[in-house]
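Number of protein chains: 2
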Amino acid sequence: MKVVKFGGSSVASGNQIKKITGIITSDEKRRVIVVSAPGKRSSDDVKVTDLLIQLGDSLQIGVDHEEAYRQVISRFEEIVLDLNLDESVLREVQRKIDDSIALIRSEDPTGIDALKACGEDGSALVVSAYLQTLGHEGTYVNPKEAGILVKDQPGGALVLEESFERLYKLRERQGTLVIPGFFGFTEEDQLVTFSRGGSDITGSIVAAGVKADLYENFTDVDSVFCVNPMYVENPRPLTSLTYREMRELSYAGFGVFHDEALIPAFKEKIPVCIKNTNNPTAPGTMIVAELPEREEHVVGIASDEGFLNLYVSKYLMNREIGFGRRLLQILEDEGVSFEHAPSGIDDMSVIIREHHLPKDKEEIVLQRINDELQVDMVLIERDMAMIMIVGEGMNQTIGIASSATSAFQEAGVNIEMINQGSSEVSMMFGVKSEGLGPAVQALYKVFFGEK
Amino acid sequence: MKVVKFGGSSVASGNQIKKITGIITSDEKRRVIVVSAPGKRSSDDVKVTDLLIQLGDSLQIGVDHEEAYRQVISRFEEIVLDLNLDESVLREVQRKIDDSIALIRSEDPTGIDALKACGEDGSALVVSAYLQTLGHEGTYVNPKEAGILVKDQPGGALVLEESFERLYKLRERQGTLVIPGFFGFTEEDQLVTFSRGGSDITGSIVAAGVKADLYENFTDVDSVFCVNPMYVENPRPLTSLTYREMRELSYAGFGVFHDEALIPAFKEKIPVCIKNTNNPTAPGTMIVAELPEREEHVVGIASDEGFLNLYVSKYLMNREIGFGRRLLQILEDEGVSFEHAPSGIDDMSVIIREHHLPKDKEEIVLQRINDELQVDMVLIERDMAMIMIVGEGMNQTIGIASSATSAFQEAGVNIEMINQGSSEVSMMFGVKSEGLGPAVQALYKVFFGEK
């Protein structure tokens, strides 16, 4: 049994939905389908979820919402017409939107999440109805019926363990089940959405629950690339990756997934395949628990901007037992999570994502460090970028660090930080943001360029 | 005014003392002298301090101590005879030793420190007496009289701030003052010794106190070398170094000094010169607060063995706010100080000196980490060595990391850890101990070999 998830661009129009039903019906193992809300049809289009959020905002602040409402409905109307579906499908979508609007009007706190979820829900209604017109047993299955039980954190639901056992029962059902992504229900029967991009989370949870042989994630790219195409033209595609590699790559802004979306699938060791709705015969990228040893040890280069370095120096720091712990305690007290904390003898750096230390917190943190730790100097360096090279077995391969650092030299980019030694599958470099592009390009040349 | 400190080998015999008095009288600025206890005259000789410790142990456990006593006295007797000094000098040395023995016999807790200090004290008596026979105004000055006030931690005295003001008054005195190293007095007038090697501490404190123009530290090498001569034959001498460079080099076992001995001098920005008693015209190594920019950015390679890596891995560690802090808290609770803590996404390493985590503590620490942090894996990897390359301006120089890592590759040594980014003057590499020699040799070749 395969669980198949289709992203927003794959359900953006009637034409796209014809493609995905073609994909679904071409393989009888594709028994459980998870769909996103209709996405952009072209680069200047608006996603249905964004329209719904706009509609919800308008209702809450009490301004005119007719235009947003009309746009949402017309998106679904167009799809229903393109697919020659019965107008009862559109009425059902509209009824759910209207019900959510009524909840918001009655100031029910669950109304906004209910409205935000109408995009995915509508997609599932449309796809299941269209499968039926093709003579295929397609059934809409609501997440509540499917068994996706979550903890109530509106916009940030967390799945409960018992969901997986419930989802396993979907295996007994006949035909093709179509589940809307992005939301679940609490034990009190309230609809709650996951964080943005949550259809990936639903897909991964369902794949884990039904113990799928394969979780296929259809997007609009042929495969995951070994580097961000923003920096390198036509980068090499990745045919296979391990979970650990994918997780490290995602961490540093690899962009295909939220790094946490795949966790439920990883935990159950379900193989994941990233494929392209517009080119379904391309092999895609397989992500698996283990891979046989490969010739090349570096499989990907990930990078992300928006980091800062909190630098603290104090003469004789290394004689002061507990200094590092107390510095991290101050950050923890102030709710600032950190990424890394390399330390010298009399100095320590803490690498933090810039948005985790906004200006107002920055002042408090600096004040407390000065007062409580009696440091000689504390300063914040912004505009840092992190570059990560990733690959299983890297830490046991002589010469990787040498190749990598030679690339920075080639690019004329100074390495502000190197963090290597804890992770077995990655090596991390800090640079000033302006050096990011040249450094990534040089690394690509070293590890993936023509020999 | 110069403060000059002579190490154990420089006062090991009458002949050596003739050399140092030659050095003292050749420069009238050499006004304050600090001396160690007589050291080894040849490689199989025994240091007077070790004889005194043996004598103290024998007295405490009540075994025969005549032989140890006789050996100590005969060392001083020989020196006094060689220098043709009046026998009253020997009687004074002997009286102090006898007084200390009486303290130990009466179970006075200060007796052992008083006895251990007799080596330095005897050296100062002998050197000042010999200066006088040369017609030079040499005066023995006891640390109490000099003003070295310490906190009472027998064998680990800490200097009190008021010492510096008192020491400054030594500037008013005439002639050459000879102060025994290694000990000070508490406010309750008890003699307390510094940690082993404490004559360097005395010299540095005195230099800071009198605000010397220069602190000369005479040993038995022409200069500090840029790498441990154990690994490289005839390594390049270092003519000048900054305090920060010296401190980083000492940290990783550079061996010339306790890295803390020089701190009082550093704090007062007193220039320090390392010179050779046996070759006093050699320029030595100057250590100063700041240096003009040099052509070569790496000035030294230091290394040390005996580290371990405490490795902890836990799925989703990076989502758990406070994880790193709690791990360090456990170590702090158990009194284990750590060196560095590089972290990945789901894993964290803590580098600890092996002697800081003995077997009995290891069990408790591992147990607590398992119980309190619910980790997936915790393990300890022993036999690690650290290699540090040091140089001002290194962190802003493109290509250093590349040159360094290429050396490891050349040597066929895998880099287990890289820690770069916090210190402005060093870059640290972790390797398995067996790779230490080859790696240091290859690094030397890259940074100091013929171009």
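If you're matching them up, the sequences are chains A and B in order.
Be aware that the first sequence starts at 1, since it is given in UniProt numbering, and climbs by one per residue.
Be aware that the second sequence starts at 1, since it is given in UniProt numbering, and climbs by one per residue.
All C-beta atoms in this analysis are idealised placements derived from N, C-alpha and C, irrespective of residue type, glycine included.
Keep in mind that this is a model prediction, so the values were computed, not measured.
Excluding five sequence neighbours on each side, which residues of the same chain lie with their C-beta closer than 7 Å to the C-beta of residue i?
| i | result |
| --- | --- |
| L160(A) | L149, V150 and K151 |
| Y231(B) | G437, V440 and Q441 |
| V141(B) | L177, V178 and I179 |
| S100(B) | G111, A114, L115 and C118 |
| L238(A) | S223, V224, F225, C226, T285, V299 and G300 |
| H65(A) | L55, S58 and L59 |
Do you know whose CA, among the options, lies nearest residue i's CA?
| i | options | result |
| --- | --- | --- |
| V413(A) | Q396(A), S423(A) and G437(A) | G437(A) |
| E120(B) | E28(B), V93(B) and A439(B) | V93(B) |
| A265(A) | A102(A), G209(A), G393(A) and F323(A) | G209(A) |
| L379(A) | I418(A), G324(A), N309(A) and F447(A) | N309(A) |
| V80(A) | S426(A), N278(A), R105(A) and G122(A) | G122(A) |
| V288(A) | E245(A), L328(A), V298(A) and Y251(A) | E245(A) |
| I201(B) | E188(B), Q190(B) and Y215(B) | Y215(B) |
| I418(B) | V431(A), D360(A), S343(A) and F447(A) | S343(A) |
| F429(B) | E187(B), R91(B) and S406(B) | S406(B) |
| Q71(B) | K47(B), A411(B), L59(B) and D57(B) | K47(B) |
| K144(B) | S106(B), V206(B), H297(B) and G175(B) | V206(B) |
| I97(B) | G198(B), I53(B), G197(B) and G135(B) | I53(B) |
| R368(B) | E332(B), E381(B) and I387(B) | E332(B) |
| P271(B) | F323(B), A146(B) and A212(B) | A212(B) |
| Y168(A) | V3(A), H297(A) and P154(A) | V3(A) |
| E293(A) | M348(A), M394(A) and G449(A) | M394(A) |
| I321(A) | S13(B), I330(B), Y444(B) and I321(B) | I330(B) |
Using 10 angstroms around the beta-carbon of residue i, count the other beta-carbons present and answer buried if the total reaches 16, otherwise exposed.
| i | result |
| --- | --- |
| V63(B) | exposed |
| A282(B) | exposed |
| P38(A) | buried |
| A341(B) | buried |
| I61(A) | exposed |
| P180(A) | buried |
| K269(A) | exposed |
| E260(B) | buried |
| M377(B) | exposed |
| A404(A) | buried |
| A102(B) | exposed |
| H355(B) | exposed |
| S43(A) | exposed |
Between which residues of its own chain and residue i is the CB-CB distance below 6 Å, once the five residues before and five after are set aside?
| i | result |
| --- | --- |
| S195(B) | G156 |
| A129(B) | L85 and V89 |
| I23(B) | P280 |
| T242(A) | L291 and E392 |
| Q420(A) | M427 |
| L249(B) | G300, A302 and V390 |
| P235(A) | F225, C226, V227 and P229 |
| I274(A) | N217, V224, G284 and T285 |
| T25(B) | H136 |
| L357(A) | V336 |
In three-state terms, what does DSSP make of residue i?
| i | result |
| --- | --- |
| M1(B) | coil |
| Y251(B) | helix |
| P143(A) | helix |
| C273(B) | strand |
| T133(B) | helix |
| Y215(B) | strand |
| L327(B) | helix |
| H340(A) | strand |
| P180(A) | strand |
| E381(B) | strand |
| I205(B) | helix |
| E77(B) | helix |
| S199(B) | helix |
| I148(B) | coil |
Closer than 8 Å by C-beta to residue i: which residues in its own chain qualify, once you throw out the five before and the five after it? Chain order, please.
| i | result |
| --- | --- |
| S433(A) | E305, D383, M384 and A385 |
| D220(A) | G7, S9, S10, N276, T277 and N278 |
| S163(B) | G147, I148, L149, V150, G184, I205 and G209 |
| G324(B) | A341, S343 and M348 |
Could you tell me which whole alpha helix (DSSP H) segments of length 4 or greater appear in the UniProt domain "ACT" (389-451) of chain B?
400-411 and 436-448
Which runs of the beta strand (DSSP E) spanning at least 3 residues fall entirely within the stretch 5-64 of chain A, listed in chain order?
30-35
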